[in-house]
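Worksheet for the structure shown next.
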Amino acid sequence: MKIIFMGTPDFAKESLEAIYNSGNEVLAVVTNPDKPKGRGMKMIASPVKEFALEKNLKIYQPTKVRNNTEFIEEIKTLNPDLLCVVAYGKILPKELLDIPKYGAINVHGSLLPEYRGAAPIQWAVLNGDKKTGVTTMFMDIGMDTGDMILKEETIIGEDETTGELWDRLSKIGANLLVKTIKKIEAIPDKENKTLEEIKKLVGAEKQDKNFTLAPMLEKEMAKIDWNKSSKEIKNLVRGLNPIMGAYSFLNGKKIKFWKIDIIPIEELEKIFPELKEYESRMKKLEPGTIAFADNKKGIFIKTGDSFIKVLELQGENAKKMDYKSFLNGNKLQAGEIFE
746 MKIIFMGTPD FAKESLEAIY NSGNEVLAVV TNPDKPKGRG MKMIASPVKE
796 FALEKNLKIY QPTKVRNNTE FIEEIKTLNP DLLCVVAYGK ILPKELLDIP
846 KYGAINVHGS LLPEYRGAAP IQWAVLNGDK KTGVTTMFMD IGMDTGDMIL
896 KEETIIGEDE TTGELWDRLS KIGANLLVKT IKKIEAIPDK ENKTLEEIKK
946 LVGAEKQDKN FTLAPMLEKE MAKIDWNKSS KEIKNLVRGL NPIMGAYSFL
996 NGKKIKFWKI DIIPIEELEK IFPELKEYES RMKKLEPGTI AFADNKKGIF
1046 IKTGDSFIKV LELQGENAKK MDYKSFLNGN KLQAGEIFE
């Protein structure tokens, strides 16, 4: 199959590599323009562009796709069989989607119609879901509303972060995309079929109306509300790792939390046997209060319903570190309260 690939991050790079290695002809790669990064503001290419450069593939980096007649005409001249889109980052116009013979295929990181939108993987973790997956679909002009082709489900680990799940789903999505391409390629006499006939022959299904949305994440949501349950706080920490990190302030300084565990009061008693004398007092602690900060046993903070143990955190203008390393350079006192 002659394919034009559109994508930007490492999630998309996995799919491009899978298509390339499966023997399909990649006519061109479309990715977002290079962006300045770091203190020196050096221009950095996307992971998709880096792979395309390595394989000497034709690359397009339009600043916009809508109302870009020159770019759309250029794509038409390539006469692709398929357009494969994975985390490209822009909504595509109908005139572009209509170019390929057999349609435009998208890889989406959720079990559609759940989590339509820009951040499906993040929201699955933030909401504490037990499972998620990947869906391939024919694209239309809506936001992740196209007819579904294949799905693959996976369990989300209790401690799994967005970053870890992102990596796993990128590989699942890459394999599912290759299977989807093969499914379309296997249609007999497909050159004489309309797109609607192609959809029926691959068994594409319409999405039902019971959908959920996964909008872009906002910076404001990263601040921890200690009145919430330990489970909700843990999901926030997992869901924002490694994107931005959940945070709180202590004595005016911002501290980010990258990994935590939930500790019920009875478990806290096992860690600190002397606690039985203070059990009622521990339960009455204000949420956000440091119950213990012990170099050997850990940092324990009161939440709305129990306690959390901090495993990995980051001080202001510092690097990520485990709690032992953090306590070696920072003094935390029992009784201090996070904002």
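Each residue of the sequence shown is one higher than the last, beginning at 746 in my numbering.
Built from N, CA and C at the ideal position, the CB exists for glycine as well.
Reference residue i, options the options, closest by Cα
i, options, result
"Asn-986", "Phe-994, Ser-975 and Ala-967", "Ala-967"
"Gln-1059", "Tyr-1068, Ile-1053, Phe-1052 and Ser-1051", "Tyr-1068"
"Ala-919", "Gly-1080, Ile-764, Lys-1076 and Ala-1079", "Ile-764"
"Ile-969", "Ser-1070, Arg-861, Lys-1076 and Thr-1034", "Thr-1034"
"Lys-1042", "Glu-936, Ser-1070, Asn-972 and Val-771", "Ser-1070"
"Ile-818", "Glu-799, Thr-808 and Glu-840", "Per the sequence shown, the amino acid found at residue 818 is Glu instead of Ile. Answer by Cα proximity: Glu-840."
"Ala-849", "Glu-941, Ile-866 and Arg-861", "Glu-941"
"Gly-997", "Gly-834, Met-882 and Glu-1061", "Glu-1061"
"Lys-1065", "Ala-1079, Gln-1078 and Tyr-992", "Tyr-992"
"Ile-820", "Ile-789, Val-771, Ala-864 and Asn-851", "Val-771"
"Val-852", "Ile-844, Lys-846, Ala-863 and Pro-845", "Ala-863"
"Met-751", "Lys-809, Met-786 and Ser-767", "Lys-809"
"Asp-904", "Ile-978, Lys-973, Lys-951 and Glu-898", "Ile-978"
"Val-874", "Asp-889, Gly-768, Thr-899 and Phe-994", "Reading the sequence as shown, one finds Asp at residue 874 and not Val. Of the candidates Asp-889, Gly-768, Thr-899 and Phe-994, the one whose C-alpha sits nearest the C-alpha of Asp-874 is Thr-899."
"Pro-754", "Lys-976, Gly-834, Lys-924 and Val-982", "Gly-834"
"Asn-1040", "Asn-937, Gln-806 and Leu-1077", "Leu-1077"
"Lys-951", "Ile-1044, Phe-1045 and Met-884", "Met-884"
"Glu-1014", "Phe-1045, Gly-990, Phe-994 and Ile-988", "Phe-1045"
Classification of residue i by the beta-carbon crowding that lies within 10 angstroms, buried from 16 upward
i, result
"Thr-907", "buried"
"Thr-822", "exposed"
"Ala-931", "exposed"
"Lys-697", "Outside the displayed span of the chain (746 to 1084) sits residue 697, for which this structure offers no information."
"Lys-794", "buried"
"Ala-949", "buried"
"Lys-944", "buried"
"Gly-783", "exposed"
"Asp-892", "buried"
"Ile-886", "exposed"
"Thr-776", "buried"
"Thr-939", "exposed"
"Ala-1079", "exposed"
"Asp-779", "exposed"
"Pro-788", "A small correction: the amino acid at residue 788 is Met; Pro does not occupy that position in the sequence shown. With fewer than 16 Cβ atoms within 10 Å of its Cβ, Met-788 is classed as exposed."
"Thr-1048", "buried"
"Lys-1001", "buried"
"Pro-1018", "exposed"
"Arg-811", "exposed"
Endpoints, the beta strand (DSSP E) within which residue i is located
i, result
"Ser-993", "991-995"
"Ile-1035", "1035-1039"
"Gly-1043", "1043-1047"
"Asn-813", "Run containing Asn-813: none; DSSP gives neither H nor E here."
"Leu-1056", "1052-1059"
"Lys-1064", "Unbroken run through Lys-1064: none, as it is neither H nor E."
"Asn-851", "849-853"
"Leu-842", "That residue, Leu-842, is in no beta strand (DSSP E); its alpha helix (DSSP H) goes 839-842."
"Ile-789", "787-789"
"Gly-878", "876-883"
"Gly-752", "747-752"
"Leu-981", "Leu-981 -> not in any beta strand (DSSP E); alpha helix (DSSP H) instead, spanning 975-984."
"Leu-828", "827-831"
Extent of the continuous alpha helix (DSSP H) to which residue i belongs
i, result
"Trp-720", "Nothing about residue 720 can be read from this structure; the chain reaches only from 746 to 1084."
"Phe-1071", "1068-1074"
"Phe-796", "792-799"
"Leu-1013", "1010-1016"
As an exercise, report each continuous beta strand (DSSP E) stretch of at least 3 residues that is fully enclosed by the region 755-783, in chain order.
770-775 and 780-782
Count Cβ pairs between the region 1027-1037 and the region 944-964 that sit closer than 8 Å; are there 3 or more?
no
Give a yes or no on contact between the region 823-830 and the region 857-871, applying the rule of three or more CB pairs nearer than 8 Å.
no
Quick one: which unbroken alpha helix (DSSP H) runs of 4-plus residues sit fully inside the region 893-952? Chain order, please.
907-930 and 940-946
Three-pair Cβ contact test at 8 Å for the region 1005-1012 versus the region 1049-1065
yes
Is there contact here, the region 870-890 with the region 847-861, by at least three beta-carbon pairs under 8 Å?
yes
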